[in-house]
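Structure, as structure tokens:
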Amino acid sequence: MADTDGMTDSHDYYLDIPQKDPGYPLKGCHALDWGMKNRLTNIFNPKTGRTVMLAVDHGYFMGPTTGLERIDLTINPLLPYADTLMCTRGILRSTIPATFNKGVVLRASGGPSILSELSDERIAVNMEDAIRLNSSAVAVQVFIGGEFETTSVHNMTRLVDAGNRYGMPVLGVTAVGKQMARDAKYMRLATRICAELGCSYVKTYYVEKDFETVTAACPVPIVIAGGKKQPELDALTMAYNAIQQGAAGVDMGRNIFQSDAPAAMIQAVSRVVHEEMKPQEAFDYYETLKNEK
Ligand code: R5P
Numbered sequence: 000m001a002d003t004d005g006m007t008d009s010h011d012y013y014l015d016i017p018q019k020d021p022g023y024p025l026k027g028c029h030a031l032d033w034g035m036k037n038r039l040t041n042i043f044n045p046k047t048g049r050t051v052m053l054a055v056d057h058g059y060f061m062g063p064t065t066g067l068e069r070i071d072l073t074i075n076p077l078l079p080y081a082d083t084l085m086c087t088r089g090i091l092r093s094t095i096p097a098t099f100n101k102g103v104v105l106r107a108s109g110g111p112s113i114l115s116e117l118s119d120e121r122i123a124v125n126m127e128d129a130i131r132l133n134s135s136a137v138a139v140q141v142f143i144g145g146e147f148e149t150t151s152v153h154n155m156t157r158l159v160d161a162g163n164r165y166g167m168p169v170l171g172v173t174a175v176g177k178q179m180a181r182d183a184k185y186m187r188l189a190t191r192i193c194a195e196l197g198c199s200y201v202k203t204y205y206v207e208k209d210f211e212t213v214t215a216a217c218p219v220p221i222v223i224a225g226g227k228k229q230p231e232l233d234a235l236t237m238a239y240n241a242i243q244q245g246a247a248g249v250d251m252g253r254n255i256f257q258s259d260a261p262a263a264m265i266q267a268v269s270r271v272v273h274e275e276m277k278p279q280e281a282f283d284y285y286e287t288l289k290n291e292k
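Sequence positions in the sequence shown follow numbering that gives the first Met the number 0 and run 0 to 292.
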């Protein structure tokens, strides 16, 4: 019999205070189930509704990319500054310490290497393994307009179905082929298709003109890829402009791990994303941290 000694009989049901709906900070995500929302909270800082995803999955089709030859030495020291890590299950198991306690976005498509047709991908991780790895989302490449467009869209919808069964968000990664125009019209098309077909959020590239129409027309959060390495001030300016025009964060790789001072760069990017620090100020901050080192 439970010990009920000392239990009082007075209760306060706060009858004058209606229960508030706790709400949810991410665009278009209010109707998701609790587990899915909770996983997204491991990716997007709930205070700002934004994220700095550190992308290090390039090896899944490029092999040991510059800056990622020794992830244990170059990336692990950056983990404290990222909101989330995007990587493959191979790197996660072999190289990332299991004490890492932020979100992991698992690369879940693959197949072709840089030596063949990149759009010919398949699903490369099943949902059971993503759950076993305690992932916060899975990421799938979608090649709208590419040679294997339909296959890649089918990869995405199968992952969305599996993700919905288990409460796992799917990140749709829009891949732009060399022959395609990198403009707002294309990005609107590609991101909207990902959202319409069930992705919880979408990664795309920033475009100089009309990027705000891309974020406006996509009913779920958009994060931007960093793309090829640029001077640090340019990369910070791109991140700032994307945030001002409605992006919910960055999924940045080369502009961080190929920077002269990766730890300084990721901290500067984080201040742009979460504090809307202006690009020049963020660059000065980067320089200060770099010189301290
Ligand atoms: C493509 O290789 C991956 O999806 C990367 O995660 C993505 O392109 C972001 O990396 P980066 O900022 O280097 O473009």
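All C-beta atoms, glycine included, are put in the ideal place defined by N, C-alpha and C.
- Fully contained in the segment 117 to 192 are the following beta strand (DSSP E) runs of length 3 or more, in chain order: 136 to 141, 169 to 173.
- With a cutoff of 6 Å, ALA54 counts as near the ligand R5P, since its C-beta is closer than that to a heavy atom of the ligand.
- Counting the other Cβ atoms within 10 Å of the Cβ of ILE95 gives 16 or more, which makes it buried.
- Remark: C-beta atoms of VAL169 and ALA194 do not approach each other more closely than 7 Å.
- By the beta-carbon neighbour count (other beta carbons within 10 angstroms, threshold 16), GLN140 is buried.
- Under the DSSP assignment, VAL104 falls in the beta strand (DSSP E) whose first and last residues are 102 to 106.
- In this structure, ILE42 sits away from GLY5, with a CB-CB distance that is not shorter than 7 Å.
- For MET251, the CB falls within less than 6 Å of some heavy atom of the ligand R5P.
- Selection ALA81, ILE70, GLY110, PRO111 evaluated against LEU91 yields ILE70 as nearest (Cα-Cα).
- About 5 Å separates the beta carbon of VAL172 from that of LYS202, a gap short enough to meet the 8 Å contact definition.
- With respect to the 7 Å criterion, GLY248 and VAL213 are not classified as neighbours on the basis of their beta carbons.
- The ligand R5P has no heavy atom closer than 6 Å to the beta-carbon of GLY171.
- When distances are taken from the beta-carbon of GLY248 to the heavy atoms of the ligand R5P, even the shortest one reaches 6 Å or more.
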